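Participant: Residue numbers for the sequence shown follow the UniProt record's numbering, beginning at 1 and rising by one.
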Amino acid sequence: METFNKIKDLIDILAFTMLINPDLSTRRDGKRLKNINLTENEWQEISKLIIILEDFAGATEYLGGSKYATISLMYSVLAMIKQKILLDNDSNVEDIDLTNSDTAFDDDVGYEDAPEDESISEQPKRRKININTPQNYTDLEKRVKAALYRSMNHYWEVPQEQGMLAALLDPRFKELRFASNSLRIRTQEQLKSAYQKMKNLTSNEDQESELQPVSSNSLLARMFQNDAISIDEVANYLALPKIHHDDCPLTWWRINKTRFPVLSKLAKKYLAIPATSTLSERLFSEAGNS
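1. Beta carbon of residue 179, beta carbon of residue 70: below 8 Å?
2. To the nearest angstrom, how far is the alpha carbon of residue 50 from that of residue 237?
3. Report the rounded CA-to-CA distance for residue 63 versus residue 246, giving the unit in angstroms.
4. With the cut-off set at 8 Å, would you say residue 249 and residue 172 are in Cβ contact?
5. Quick one: what does DSSP say residue 251 is sitting in, helix, strand or coil?
6. For residue 260, which residues of its own chain have a beta-carbon under 7 Å away from its beta-carbon, when the five flanking residues on both sides are left out?
7. Please check the pair residue 52 and residue 85, which I expect to be a contact at CB under 8 Å, by giving their CB distance rounded to whole angstroms.
8. Going straight from the alpha carbon of residue 269 to that of residue 244, what length do you get?
9. Starting from residue 17, follow its DSSP beta bridges and name the residues at the other end.
10. Need the endpoints of the alpha helix (DSSP H) that residue 138 sits in, please.
11. Along the chain, where does the alpha helix (DSSP H) that runs through residue 295 open and close?
12. Indicate whether residue 195 and residue 266 have their beta-carbon atoms separated by less than 8 Å.
13. Under the rule that 16 or more other beta-carbon atoms within 10 Å means buried, what is residue 116, buried or exposed?
14. Output needed for residue 77: all residues of its chain with C-beta closer than 6 Å, excluding positions within five of it in sequence on either side, in chain order.
15. Looking at the structure shown, is residue 257 part of a helix, part of a strand, or coil, going by DSSP?
16. Would you decide whether residue 145 is buried or exposed? Buried here means 16 or more other CB atoms lie within 10 Å of its CB.
17. Decide if the region 151–167 is in contact with the region 181–197; the criterion is three or more beta carbon pairs, one per stretch, under 8 Å apart.
18. Just to confirm the assignment, what range does the alpha helix (DSSP H) spanning residue 27 have?
19. Between the alpha carbons of residue 55 and residue 202, how many angstroms are there, rounded?
20. According to DSSP, is residue 177 helix, strand or coil?
21. Where does the unbroken alpha helix (DSSP H) through residue 233 begin, and where does it stop?
22. Is the separation between the beta-carbon of residue 170 and that of residue 72 shorter than 8 Å?
23. Quick one: grab the DSSP three-state call for residue 39.
24. Can you tell me which of the three DSSP states residue 280 falls into?
25. Give a yes or no on whether the C-beta atoms belonging to residue 11 and residue 37 are separated by under 8 Å.
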């Protein structure tokens, strides 16, 4: 935002300086710059959009630079952004064709003051933009928020249960501060259900292994392991404080897998999903340079 304000001030200063310049050509350019410059209301609308887009820039930088960009991290970040741009009512917002890969940059756009000697053949079906006329910015902030929200749901369609369970099993985000209280409670119940299923599966595997001859030491170890499994791992895990956001959740679970033998298997299942391909691309790039 600071850079944006500096740019605005510099343009205003430049236009004023050119208008008082003794050179006639410079004064003409200054007048033209003043005419095509954004209006005060347009500058204000852009400043609102910058505030919205700052979160996306921060999320992109954070996810791209994170050493542990798991699905739990991405879901948590996207959920927090969605909360900020969610509209109470977007019924009046125009629909967006998300199946069309074309962007505004793909259009062949011409401007009102294009050089007169430019041949018509060089600008087929060119769409003209009158840069001297203020653009329609009615409900611009609302329209941009709605477009971003719908685009996020379209391109990052992570099932809520999967994303929430991954976030809950990530000791960095286990408090689920981005979610409503009802959603937090529902996710905790879903974790208990998933835990019970995994526990039953683990018990069945133990019963099958009991059919094989085992040493007394192995039998004793399994007895202690069964005692650990019988403890309510979910309640104990939820009671622990979260870890620092720069810490590795997979390392935390590896260290605590004896304490949480069943939950650690669930964590391995959900936290193994990568959020981005940035680290893989970086690895291949470094391998190619070596």
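Yeah, the Cβ is synthetic: ideal placement off N, Cα and C, and Gly gets one too. In this text the structure is predicted, and so the values were computed from the model without any measurement.
Facilitator: Taking the definition as stated:
1. In this structure, residue 179 lies away from residue 70, with their beta-carbon atoms at least 8 Å apart.
2. Rounded to whole angstroms, the separation of the alpha carbons of residue 237 and residue 50 is 39 Å.
3. Whole-angstrom Cα-Cα distance: 12 Å.
4. Yes, the pair counts as a contact, with Cβ atoms nearer than the cut-off.
5. DSSP places residue 251 within a helical segment (H, G or I) once states are collapsed to three.
6. Its chain contains 233 and 237 as the residues whose beta carbon lies nearer than 7 Å to that of residue 260, once the 5 sequence neighbours on both sides are disregarded; these appear in chain order.
7. About 6 Å separates the beta carbons of residue 52 and residue 85, which is inside the 8 Å limit, making them a contact pair.
8. Computed Cα separation, rounded: 22 Å.
9. Residue 17 has no beta-bridge partner at all, per DSSP.
10. Counting along the chain, residue 138 falls outside any alpha helix (DSSP H), and DSSP gives it neither H nor E.
11. Within the shown structure, residues of the chain are numbered from 1 to 290, placing residue 295 beyond reach of any answer.
12. Yes, the Cβ-Cβ distance between residue 195 and residue 266 is below 8 Å.
13. For residue 116, the predicted structure reports a pLDDT of 44, less than 50, and the residue's modelled location is therefore unreliable. A value from the coordinates is still provided. So residue 116 ends up on the exposed side.
14. Excluding residues within five positions, the ones whose Cβ falls inside 6 Å are 59.
15. Looking at residue 257 - three-state DSSP - the assignment turns out to be coil, as it is neither helix nor strand.
16. Buried, since its Cβ has 16 or more Cβ neighbours within 10 Å.
17. Yes: the two stretches touch, three or more of their Cβ pairs being nearer than 8 Å.
18. Per DSSP, residue 27 belongs to the alpha helix (DSSP H) from 24–36.
19. Cα-Cα distance, rounded: 42 Å.
20. It is coil, neither helix nor strand.
21. Segment 233–239, the alpha helix (DSSP H) holding residue 233.
22. For residue 170 and residue 72, yes; Cβs fall inside 8 Å.
23. For residue 39, the secondary structure class from DSSP, reduced to helix, strand or coil, is coil.
24. Since pLDDT at residue 280 reaches only 45, below the 50 mark, its modelled position is unreliable, and no value is offered.
25. Cβ atoms of residue 11 and residue 37: closer than 8 Å.
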